[in-house]
Amino acid sequence: MEPPDIERLDERTVQRIAAGEVVERPASVVKELVENSLDAGASRVAVSVESGGTDGIRVRDDGVGIPEDQLDAAVAEHATSKIGDIEDLDRGVGTLGFRGEALYTVGAVSRLTVRSRPPDAEAGAEITVEGGEVGEVRPAGCPAGTTVEVDDLFFNTPAREKFLKRTATEFDHVNTVVTSYALANPDVAVSLEHDGRETFATEGNGDLRSAVLAVYGREVAESMIDVDWTPEGSEADGAADADDAPVKRVTGLVSHPETARSTRDYLSTYVNGRYVTASALREATLDAYGGQLAPDRYPFAVLFVEVPAGDVDVNVHPRKLEVRFDEEPAVRSAVETAVEDALLDHGLIRSTAPRG
Ligand code: ADP
Ligand code: MG
């Protein structure tokens, strides 16, 4: 057999292959758009999807907006307003996004419209991208803030489209994403609508328990107890010790052991404000309950762990939520202690051997 020629792929093909790495399903689009709204300082983020997101996704916010002359940059490859260079990245980014590829990527595999008006601009404008084909910037009437609409996701990538699951499954993924951002940002009014029906809407009043009430309902909200842990000595002995501590703080809410479900889906963990799925954090939380949970039952938990910025790697793949800690055993034990202390305080578990 003759060796085949090696040829460089054309730009459109490269673009679509790369897009498939970032945009796996409607929920991945929702995640990117909600992150953009939060990065834009929005106080309201309204998400609505049709048929689990496969027939349409719309995210509207009241954030800083995108000036008309920046709309084409917003949908361009590797274009971002959030970091300037690699040093910015090493210093630690304060925004959820920084790669400048989300809008570009989504535009490559859907019909994307970005419509925006900065609050002090007199008129709004919009730009449309269809399967990577960028259209003209046009004037558009819109409220202050940004609305992004994504239709016909994967219309030009049939292989990816085939892997989409039932509407209910796709919506579950969307719901998980929006819920996790709603709980992480109780000061932002986050709402989710599916096929015209409201799934939940948080008030955005800054109170975590109120966000839990909106998302999980009254029974769960009422059974939640406060977690607030800081390393020993951080207040009494001045800040010196706390500055070196591998975990600076653990806060949040965990449920009464009897308010448990047969899924781990309601254990939400955040590291430095970022939603993560870290098995170490989940296991530490469950360990804290000791024998108080019925077999195969999992509590509700919303836990925020703060670690020094350099101790956690955020520059991971955009689709992977698993984080790596420099000091995993210390993080694990801090979370377990934090939850245990809260449960002990409420008499929900019995004290075991004294901790050293
Ligand atoms: P990144 O978020 O990594 O910067 P994106 O492709 O998601 O990349 O967005 C590109 C740029 O478009 C952002 O840096 C930001 O300047 C602008 N942008 C996107 N969405 C919004 C929004 N909802 N409100 C204001 N600006 C936005
Ligand atoms: Mg982004």
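The numbering of the sequence shown is the numbering used here, which starts it at 1 and goes up by one.
Built from N, CA and C at the ideal position, the CB exists for glycine as well.
Is residue i near the ligand ADP, judged by its Cβ being under 7 Å from some heavy atom?
i: Y275; result: no
i: V174; result: no
i: A189; result: no
i: D39; result: yes
i: K82; result: yes
i: G65; result: yes
i: A211; result: no
i: D10; result: no
i: A168; result: no
i: A152; result: The sequence shown places Asp at residue 152, not Ala. False, no ligand heavy atom lies under 7 Å from that Cβ.
i: A108; result: no
Would you call residue i buried or exposed, if buried means 16 or more other Cβ atoms sit within 10 Å of its Cβ?
i: V23; result: buried
i: A236; result: Caution is warranted here: a pLDDT of 46 is assigned to A236, below 50, making its placement in the model unreliable, and no coordinate value can be reported.
i: A342; result: buried
i: N185; result: buried
i: H78; result: exposed
i: S48; result: buried
i: E219; result: exposed
i: V14; result: exposed
i: S279; result: exposed
i: H346; result: exposed
i: R115; result: buried
i: A294; result: exposed
i: K31; result: buried
i: L348; result: buried
i: F154; result: buried
i: G132; result: buried
i: M1; result: exposed
i: D326; result: exposed
i: L303; result: buried
Confirm the yes/no value for this check: CB of residue i, any heavy atom of the ligand MG, distance under 7 Å.
i: E32; result: yes
i: N272; result: no
i: G97; result: yes
i: E77; result: no
i: E306; result: no
i: A102; result: yes
So, under 8 Å CB-CB, residue i and residue j are touching, yes? Tell me the CB distance rounded to an integer number of Å.
i: V212; j: L253; result: 6 Å
i: L103; j: V134; result: Rounded, the Cβ-Cβ distance is 11 Å, inconsistent with contact.
i: V34; j: P118; result: Not quite, the Cβ-Cβ distance comes to about 20 Å (not below 8 Å), so this is no contact.
i: G204; j: V188; result: 5 Å
Residue i lies in the beta strand (DSSP E); which residues open and close that run?
i: S333; result: It is not in any beta strand (DSSP E) - S333 instead sits in the alpha helix (DSSP H) that spans 328–345.
i: D228; result: 224–229
i: Y270; result: 267–271
i: G56; result: 56–61
i: T95; result: Here T95 belongs to no beta strand (DSSP E), and DSSP marks it neither H nor E.
i: D151; result: 145–151
i: I83; result: Counting along the chain, I83 falls outside any beta strand (DSSP E), and DSSP gives it neither H nor E.
i: H173; result: Taken as a continuous stretch (DSSP letters only), H173 belongs to no beta strand (DSSP E), being part of the alpha helix (DSSP H) at 167–184.
i: R282; result: Taken as a continuous stretch (DSSP letters only), R282 belongs to no beta strand (DSSP E), being part of the alpha helix (DSSP H) at 279–288.
i: T113; result: 111–117
i: R12; result: From DSSP, R12 is part of no beta strand (DSSP E) but of the alpha helix (DSSP H) over 11–22.
i: V276; result: 274–276
Check whether the Cβ of residue i sits closer than 7 Å to any heavy atom of the ligand GDP, and report yes or no.
i: N36; result: This structure simply doesn't include the ligand GDP; it includes the ligand ADP and the ligand MG instead.
Based on the DSSP output, what are the partners of residue i in its beta bridges?
i: A74; result: In DSSP, A74 forms no bridge with anything.
i: H256; result: H256 pairs with nothing; no bridge assigned.
i: S48; result: R58, E193
i: P299; result: A260
i: A125; result: S116, P139
i: E133; result: E130
Can you tell me where the alpha helix (DSSP H) with residue i in it begins and where it stops?
i: A189; result: Premise fails: A189 lies in the beta strand (DSSP E), 189–194, not in any alpha helix (DSSP H).
i: V212; result: 208–216
i: V29; result: 26–39
i: V106; result: 102–108
i: R324; result: First-last for R324: undefined, no H or E at that position.
i: R160; result: 158–162
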